[in-house]
Amino acid sequence: MKTLHVATAAVAATMWAGAAIAGNAPGVTSTEIKIGNTNPYSGPASSYGTIGKSIGACWNWVNDTGGINGRKIKWISLDDGYSPPKTKEQIRKLVEREKVAFTFQTLGTPTNSAVHRYMNKKQVPHLFVATGATKWGQPKKFPWTMGWQPNYQTVGAIFGNYILQNYPQGKVAVMYQNDDYGKDYVIGMKRAMGDKYAKQVVKQETYEVTDPTIDSQIIALAGSGADVFVNISIPKFAAQAIKKMHAIGWKPAHILNDVAASIASTYKPAGLEKAKGIISVDFYKDPNDPEWKDDPETNAWRAWMDKYYPGGDKSNKMNAYGYAVCHTMIEVLKKAGNDLSRENIMKQASSLKEVHLPMLLPGMYADTSPTDFYPLEQMQMTRFDGTRSVRFGPLISAETE
Amino acid sequence: MDQFLQQTLSGLANGAIYASLALAVVMIYQAIDHFNFAQGEMAMFSTFIAWQLIAWGAPYWVAFVVCLAISFIGGMAIERIIFAPIHDAPALSHVVVFIALTLIFNAMAGFIWEFTIKEFPSPFPAELPFETKLIGPHEVGIVGITLIMLGMIYVFFRFTPIGLAMRAAAASPESARLVGISVKKMLGLGWGLAAAVGAVAGMMIAPVVFLEPNMMLGILLYGFAGAVVGGLTSPGGAVVGGFLMGVLEALAGTYVIGSELKLTFALVVIVAVLLFRPAGLFGRVVVQRV
Amino acid sequence: MAMLEVRGLEAFYGHTQALHGLDFDLEEGGITTILGANGAGKTTTLRSICGMVSNNGSITFDGEGLIGKATENIVRKGIAHVPEGRGTFVRVTTEENLRLGAFTVKGAKKIADGMERVYTYFPRLKERRNQQAGTLSGGEQQMLAVGRAMMLQPRLMLLDEPSFGLAPLIVKELFEILRTINQEEGVSMLLVEQNATLALGLADHAYLLETGRVVMSGTSDDIASDENVRKSYLGY
Amino acid sequence: MALSDAKSVAMRPNPAHTAVLFGIKLPMWNLYLTVIGIAAALVLPFVVEGFTVFQLTQALVYAIAVLGLNLLTGFNGQFSLGHSAFYALGAYTAAIMVERYEVAFYWTILPAGIICFIGGFLFGLPALRLEGLFLALATFALAVATPQLLRYEHFEGFTGGVQGIDLFKPDSPIEFLGGDQWLYFVVLVCGALLVVGAWNLTRGRTGRAIMAIRDNPLAARTMGINTSLYKSVTFGVSGFYTGIAGALGAAVAEFVAPDSFTFFLSVWLLVGMVIGGLGSIPAAIVGGLFILYVPNISEALIGQVFGDDPSAKALIGVAFGCFLIFAVYVMPNGLAGFVRWFVARYSRPGI
C-alpha cells in the first residue's frame, strides 16, 4: 500500500520519461499496460477459473488506487477451456492481435506446454505460469518463461525426505491423480527416496478426475497394510479419501499434498475430526485457519475480497493464491519503472530479491536470479490439529537443480 | 477375501449411485424416446437448490420436498419453453440443445455457488444398527432409496394408465393422440418426473462425492452406460446395469487392470456385452411384423 | 341434422392442396364409405376429421365444429380412428394396447366390461393378451386396432383401409365383425376402402372421390349399379 | 404418394440452370457461390493478419473433421461420439512420425489418414451390430478411453505421456508466403481434395448405396447392397477424413497432448455437424467456423455486457449454450437445411 502511494506521487514527475520509453514497448502506453492471460472459465477444469477471476479483481483494485507508475492495467483474460489447441489460439490472439506486453499466470500444464516454444520464439514474457510443473524454470533454454509456485516435484521431494526421516521402516501407500500434476509429485518422491521408494512403497493407486468416487482405491490401499499414506489429490477427492478412511477404520500417517491442504475446502467437508493429524506443507496462508483470524494481511485480503470480488468464495484458498501472485507482478512492474520493454520486464522478474508477498507464510519471500527461475521455493510442514494447521519444523528451501 | 468383499460392497454402493441416475435416464427415455444429455447437470442444479434451502435454515425433508417440486416444475418448464417450439426438429438437433443445457446449467451453478466443494447432509442415521466396517449407513440408504424408486417407477409405468400413456406417447405419438392422449402433456409430465427422479439421485449422490458444479460429469457417464447396458426401456435393467458398472469398475481396478485403465476396461466390457445383446441385457428388441 | 357434416373442406400438405372443397354428410347409426383411386384424398379426409392435417372449411360433429381442435380433444368427443397401418403400440402388450384405447374412459368396471366385449368379438386377441403387440400377425393387429377403437366407446368409428394387406378369409371375418359392431353397439362408421366391392357390401351410403372432390354420392346400391363406377372401381 | 412426386418435380433443377465443375453437375446459383467461395479462400490469407489466417486454418481443420463425421452420420446414418479418437490418432501419428522419426510433415498426412481408415474400419465391424444410442455408447467409450490410453504409463515412450509431443509446423518453401499462410494453403489443398473426394463418393453408385442404408437398411439389403461392408467402409472413410484433420490440426497447434483430445472434442464436432447441416458437404465449413468462432463470440459478448466484473467470466458457458439453442431455433435442420428450404421456397423454376 505504502509503496503504491509513493508510486502515485512519482507519476507526474516520470510521466514524460515513461511516454518516451513506453513508445517502443509493445502493449504499453503512457497510461496503460496490457497484460494477457488464459484460464479455464468453462469446461471440466472451470474450478480453477477463480484464480483468473481473483487476479482480475486484483487489477481492478490496482486501477482504483491509481495504477502502477501512473499506468492502469488492462487485463485481458481469455477462456481456453483447458484445451491446449484453444490456448494456442487465445495466446496468439493476445500476442498478435491484442499486442499485450506480456502474459501472466496462464493456467495449466498441458495448456502452457502448447505455447511454451511459441512465447520464447516470439520473445514475449511468459510470466509466473500457474502450474507446478518443473519445466518452467529453464532460463537457458526458455529465457522468457518463468513459473511461480513451489513446483510439485519439490513438494514430492519434501514428502520423500519426511518419510525417510520419520518412517524409515514404514510401509507407504501412494495415491495420485493420473496426469502431469500427480505424476510430478511421484517423480519428486522418487528423487528424494532413491531406491528406498521401490522398497517402501507397497501400493500405488491412481484416479481420474472423472472418477465419481475413489472408494475402491482407498480400500485397495488400506488392504496393502501400509502405515504411511501419501495422498496427492485435489480437494474433492482428498475429502472423499478422509471420509472413506475413517469409515473403514484405516489410520495411517496421512500426508496430503498442498493443493488439497485447505480447511474450508477439504477438511471441513470431510469432517474436521476425521482430518485430525494430517500432515502437509504450505507456503501461503489459509484464510480459514483460525491462526490468521486477526492477521492484518489476511484482514486486508478479506476487505479486498468483499469490495472487488464479492461473488468469489472466501473459503477458497485459490483466491488467496491469486492475490499473492498478483502482488508479485505488481512488484515486478513497479521495479521496471518506466522501462516497460519486454527485456526489462523479464530482467526485473528474474532479479527479485527476497520480496515479501502478502498472504505468504511468515518468513517466506519470492526470490529469483537470471539462473533461478523458481520464485517460490520455501515451504513449511504443517499438521492439522482439528482446528488449525500447525506449522512445524524449519522453513524448507528445496532448491531445484 | 475381506478385501474382495469390501471392494464388492463399495462397488455396489457406487453402483447404487449410478443406478439412481440411470433410473432418471430411463424415465426420460420412456417419456421422450431419447436420452437427455443434460440430465446430470439438471440433477446437480436441483441438488444445489436443496443445498441452498438447507443453508437458509430449512429442515432436510422440507428442502427435499421443495426441491422435488421445483425440479418437477423446472423440468416441465424446460420442455414447454425450450423443446416444444423445436418439436419437429431432427433428433440430433435436440442433442445439440441438450448439450447447450448442460453448458448452461454447469456455468450457472458455477456462477451462483462457485466451485468449492460443499457438504450435503445425508438423511440417514450416522450409525448402522449393527457393527461393520464394510459399508456405511449412507451407502445402505442409497441402495434402499434406489430400490424404492425402482419399485415406484416400475409400478408407475407398468400399472398406472398415465405411465402406460406416457410410454405410448413417446413411442408412437400419432397413435397416442388417436386414443385421446395429449402428447404435449405427457412430454411435459415426463420431463417433470425425470427431473424429480434426477433430483432425488443428486441428493443421494452429493453426500458421497460432495456437491460442486462438475460432480455429475463422471457419474453421468457411468449412469448412461448402466442404463444402456441394462436396456433403456427397462427400469429394472437400468438398476442392474448401474450396479454392474459399480462392481465391475471396483473389481477390475483392483484385480484386473489397475485403476489407470479401469474405466476403459469397464466400457470395453460393456461394449462387448452389447455385441451379444444389442438391445441391452434386459431391453426387448422391438419386433414388428409387417 | 346429420351426425357429421363436412362442408367446403380443404386440406394441405405443405404447399400442395389435397382436398378441394369437400361436402358430405354422415347419418347416425349407419355405415358410410368413401371410395376413390389412390391419391383421391380418402385418407386425407379421415385425417382432416381428426385434425391431423392442416385444413379449412367446416366439419361439425353433433353441431360442434372440429376444425382447429387438437386430435386428442376430437377423439374425446367419441370419434375413434383406426388409422392406415393400424397404429399398433408395438412395444407394449395386446392388453395394454386395449387399455390405452380406453384412456379417455373413466371407471375400472367400464374398462373391464369393454375389454370383455372386445374379447368376445375377437377371441384371438384374448389368447394373445400378454404378447408384445409388435409380434402379432397383420390380421391380429388389424383386429387389435378395431378393438382399441371400440375401447374408446365411440359414437363414430373412422376406418382407414382395414382390408389392406390381409388374406381374403380374414378380411371376410373382419368385415362381418364390423357389421355386428355397427348393429349391436350402435357405432356409426366411416369407411375408406380401395376394395370397392367389399366396401359397398358393408356400407349403406357411399361417396366417390376424385382428386380431392366428391364426384358422386348416393346409397350403396345406387352407386354399385352405376355403369362408370362398375367399370372403373368394381372391375366388371 | 402423389404429393411427394409433385414436390420432387418442383425441386428438380431446371437443366438450363446447371453447370459442370470438376465433373460435378451443379445448379447455377450453386456454381456462383462455389466460385466466390474459392476466390475468397484464395485471397483471404493475403488481406488478413497472420493470427486470422491461423484461426481460419484451424477452422478448416475442424471443417475437415466435421466432414468426416458427416459422411458417417449425415450420409450413412451412423451416430458417433467417438471422433475425437480418430482426430487424436491422426494427430499423434503425425507428431510421432515428425518428432521421433524425423519424417517431413507432408509425408505424415496420408499415413495418418490411412491408419485412421484402418482404425475406423476395424471399429466399424463390431459397431455393425449396434444402432442408435447403443452405437452412441460404444463410440462414447472410445472417446473417453482415448486420453487415458494416451497417458498410459506403458505407452509413454511413444506418446510422451502427459507431457505430450511438440512438433514444428512446416516452413514455407515460397518466399512471399509466411508460415501461417503456407500452412493455410496446405490445409486448404487437402480440404479441397477431400471435398471433391466426398462429392464424388456421395454422388456415385457407392453414395447411393451409403444413403440407401441410412434411409432404409432393410430395403437396402433386399436390393443386394452389402450393408455390412458399406457401413464398415464408411466408418473407415470417416476415420480417414478425421485422421487427416487430426494430422493437420497437430501442425496448426504445433503440439499434441492427451488433454487436447478429450470427449468434448467429439461433442464440438457433433455440434458443428448439426449446426452446419446433416448430409451436406459445404455445411462442414460452416460447422468448422462455428466451432472455432462461436465460443470466442460468447466470450466477447460476456466481456461487453459485464466489463471487468471478474465473476462474470463464469457466464461464458451460459452465453455459448444460448447461442446453440438459438441456432437450433432458427435453423432446426442446420444451415444446409435452411438453405434447402429457402431455395425450395424462392427459387423454383420459372420464379
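Chains as they are written, first to last, in the working numbering: chain P, 1 to 401; chain G, 402 to 691; chain W, 692 to 927; chain X, 928 to 1278.
Note that the Cβ used here is the ideal one computed from N, Cα and C, for glycine as well.
Inset, instruction - Take the Cβ of P/H356 as the centre, count every other Cβ of all protein chains shown within 10 Å, and call the residue buried at 16 or more, exposed below. - result: exposed
Inset, instruction - Measure from the C-beta of G/L413 to each C-beta in chain X and report whether the shortest distance is under 8 Å. - result: no
Legend entry - C-alpha distance - G/A439 paired with G/F499, whole-angstrom precision: 5 Å
Legend entry - Within 9 Å of chain G by C-beta, residues of the stretch 33–66 of chain P in sequence order: If the cut-off is 9 Å between Cβ atoms, the stretch 33–66 of chain P has Y41, S42, G43, P44, A45, S46, S47, Y48, G49 and T50 near chain G.
Legend entry - Nearest to X/F1282 (by Cα), restricted to the options G/M509, G/M445 and G/R481: Nothing can be reported for residue 1282 of chain X: it is not among the residues displayed for chain X, which extend from 928 to 1278.
Legend entry - Residue-chain proximity (W/L869, chain G), Cβ-Cβ < 8 Å: no
Inset, instruction - Using the Cα positions of G/G642 and G/I546, report the straight-line distance between them to the nearest angstrom. - result: 16 Å
Legend entry - In chain order, each beta strand (DSSP E) run of at least 3 residues that lies wholly inside the stretch 247–328 of chain P: 253–256 and 279–282
Legend entry - C-alpha distance - W/D851 paired with W/I802, whole-angstrom precision: 25 Å
Inset, instruction - Return the chain-ordered list of same chain residues with a C-beta closer than 7 Å to the C-beta of G/M550, the five sequence neighbours on each side being excluded. - result: Its chain contains S421, L424, V598 and V601 as the residues whose beta carbon lies nearer than 7 Å to that of G/M550, once the 5 sequence neighbours on both sides are disregarded; these appear in chain order.
Inset, instruction - Over the uninterrupted alpha helix (DSSP H) stretch that includes W/G830, give me the two end residues. - result: That run of the alpha helix (DSSP H) goes G829 to M842.
Legend entry - Buried or exposed by the 16-neighbour rule on C-beta atoms within 10 Å, applied to W/G805: Label assigned to W/G805: buried.
Legend entry - P/V28 in three-state terms, based on DSSP: strand
Inset, instruction - Kindly indicate the opening and closing residues of the beta strand (DSSP E) around W/R921. - result: Where W/R921 is concerned, there is no enclosing beta strand (DSSP E), given that its DSSP letter is neither H nor E.
Legend entry - G/A579 versus G/V497: straight-line alpha-carbon distance, rounded: A quick correction: the sequence has Leu, not Ala, at residue 579 of chain G. If you draw a straight line from the Cα of G/L579 to the Cα of G/V497, it comes to about 31 Å.
Legend entry - From G/L645, G/F465, G/L535 and G/P530, residue whose alpha carbon lies closest to that of P/G249: G/L535
Inset, instruction - Identify, in the order they occur along the chain, each residue of the same chain with its Cβ nearer than 8 Å to the Cβ of P/T387, setting aside the five sequence neighbours on each side. - result: Closer than 8 Å at Cβ, skipping near neighbours: L272 and P290.
Inset, instruction - Please confirm if G/V496 has its CB atom under 8 Å from at least one CB of chain W. - result: Proximity of G/V496 to chain W, defined by a Cβ-Cβ separation below 8 Å, is not satisfied.
Inset, instruction - Determine, using beta-carbon pairs with one atom in the stretch 716–728 of chain W and one in the stretch 871–884 of chain W, whether at least three such pairs fall under 8 Å. - result: yes
Legend entry - Contact with chain W by G/G581, beta-carbon distance below 8 Å: yes
Legend entry - Residues of the stretch 1224–1239 of chain X whose Cβ lies closer than 9 Å to any Cβ of chain G, in chain order: For the stretch 1224–1239 of chain X, residues whose beta-carbon sits nearer than 9 Å to a beta-carbon of chain G comprise S1238 and A1239.
Inset, instruction - Kindly indicate which three-state DSSP category W/A897 falls into: helix, strand or coil? - result: Here W/A897 sits in strand by DSSP.
Inset, instruction - Please compile the residues from chain P whose C-beta is within a distance smaller than 8 Å of the C-beta of X/V1089. - result: T109, P110, D179, D180 and K183
Legend entry - chain P residues whose Cβ lies nearer than 8 Å to that of X/I1326: The question about residue 1326 of chain X has no answer, for chain X in this structure spans 928 to 1278.
Legend entry - G/F558 to X/L969 span [Cα, whole Å]: 60 Å
Legend entry - Top-ranked residue by Cα proximity to G/P524, from G/W462, G/W592 and G/G552: G/W462
Inset, instruction - Tell me whether the beta-carbon of G/A596 lies closer than 8 Å to the beta-carbon of G/G475. - result: yes
Legend entry - Distance, X/S1193 Cα to X/F981 Cα: 22 Å
Inset, instruction - Answer with yes or no whether the minimum CB distance from G/I546 to chain P is below 8 Å. - result: no
Legend entry - For P/M329 and P/F128, believed in contact at Cβ under 8 Å, the rounded distance: 7 Å
Legend entry - Reduced DSSP secondary structure (H/G/I, E/B, other) of G/F683: coil
Legend entry - Residue span of the beta strand (DSSP E) that contains W/E696, given as start and end: L695 to Y704
Legend entry - Assumed close pair P/G156, P/V115 - CB separation to whole angstroms, cut-off 8 Å: With 8 Å as the limit, P/G156 and P/V115 do not qualify as a contact, their Cβ atoms being about 26 Å apart.
Legend entry - P/L340 classed as buried or exposed, judged by whether at least 16 other C-beta atoms fall within 10 angstroms: buried
Inset, instruction - Starting from W/H711, follow its DSSP beta bridges and name the residues at the other end. - result: W/E701
Inset, instruction - Please classify P/P110: is it buried, with 16 or more other beta-carbons within 10 angstroms of its beta-carbon, or exposed? - result: P/P110 should be labelled buried.
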